[in-house]
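Protein chains: 2
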Amino acid sequence: MSLLNYFSTQPKSASIAKERLQIIVAHQRRERSSIMSDFLPDLQKELIEVVRKYIEIRDEDVNIRVEQAENYEVLEVNIALPDSSIVKIHTK
Amino acid sequence: MSLLNYFSTQPKSASIAKERLQIIVAHQRRERSSIMSDFLPDLQKELIEVVRKYIEIRDEDVNIRVEQAENYEVLEVNIALPDSSIVKIHTK
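The listed protein sequences derive, respectively, from chains A and B.
To get the working numbering, take the position in the first sequence, counting from 1, and add 938.
To get the working numbering, take the position in the second sequence, counting from 1, and add 938.
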C-alpha cells in the first residue's frame, strides 16, 4: 500500500475536511536501543521549525503523537491549517 | 489503521532491514490547486539539511518521492542510514 493510499483512507469528518498538514518522522532501527533516540527529539523540533518557515502554524493547531514499537519509533505531527492560513512569502 | 501499523507492515527485505529514517510531509487540501507545490523543492532540501546536522548521510542514500492525488500531496524522504553512519557530535 502506498502512503498516499494510507492518507486518503483516513476517516473523513467535518473537522478532518479542513486543510491539514501532517509531518511524520519515522525511525526504523534494528535494535531497541539506538544512538539516534538520543537526539530524535531535537531533530523533530528542528524539522517542525523548517516547515514553519513556509507555513503559518499556530501552537494550538498542533497535535503531536508518538508511537513506539520494538523496531519503530514514529512521531506524528498533525496541524490543522486555519482557513486563513496563507503560506508565508518565502524569500530565498 | 495507525501509522505505526503502516510502517511495520511494509515489506521487509535485506535492504529495508537497515536502519532507516523517513520524513513525510502530507498536505490535505480542499481544492486541487496546491500552494505547497511552489515551495516543495526548497522544503525538501531544507529538511535533508536538518537531518545532515545530526547524521552523516550520503546523497545516494536519500530517496525522494512525491505523490499527488486530488486532495492530497505527499512528500516522502527516505534515508537509508549506512552501517558506518556515525552520529555527528551534536552540541546544543
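We treat Cβ as the ideally placed atom computed from N, Cα and C, and that holds for glycine.
For a cutoff of 8 Å on Cβ pairs, would you count residue i as touching chain A?
i	result
ILE1002 of chain B	no
ARG967 of chain B	yes
Would you say residue i lies against chain B (beta-carbon separation less than 8 Å)?
i	result
GLU984 of chain A	yes
ILE962 of chain A	yes
GLU994 of chain A	no
GLN998 of chain A	Reading off the sequence shown, one finds Glu at residue 998 of chain A, where the question assumed Gln. Not closer than 8 Å to any Cβ of chain B, the Cβ of GLU998 of chain A fails to qualify, so no.
Using a Cβ-Cβ cut-off of 6 Å (strictly less than) and excluding sequence neighbours within five positions of residue i, which residues of its own chain qualify?
i	result
GLU1011 of chain A	HIS965
GLU1014 of chain A	ILE962 and ARG1003
GLN960 of chain B	ASN1016
LYS956 of chain B	ALA1018
Does the Cβ of residue i have 16 or more other Cβ atoms within 10 Å, making it buried, or fewer, making it exposed?
i	result
ARG1003 of chain B	exposed
ARG958 of chain B	buried
ARG967 of chain A	buried
ILE1024 of chain B	Reliability of the predicted coordinates at ILE1024 of chain B is poor, the pLDDT of 48 falling under 50, and the value obtained from them is presented with this limitation in mind. Exposed is the call here.
GLU987 of chain A	exposed
ALA1018 of chain B	buried
GLN1006 of chain A	exposed
Pull up the DSSP beta-bridge partners for residue i, would you.
i	result
ILE1002 of chain A	A:VAL1015
TYR1010 of chain A	A:GLN966
ARG958 of chain A	A:ALA1018 and B:GLN966
Taking residue i as the query, report the chain A residues whose CB atoms sit under 7 Å from its CB, ordered along the chain.
i	result
ARG958 of chain B	GLN966
Apart from the five residues just before and just after residue i, which ones in its own chain have a Cβ nearer than 7 Å to its Cβ?
i	result
PRO979 of chain B	none
VAL1000 of chain A	VAL1015 and ILE1017
GLN982 of chain B	ILE1002, LEU1013 and VAL1015
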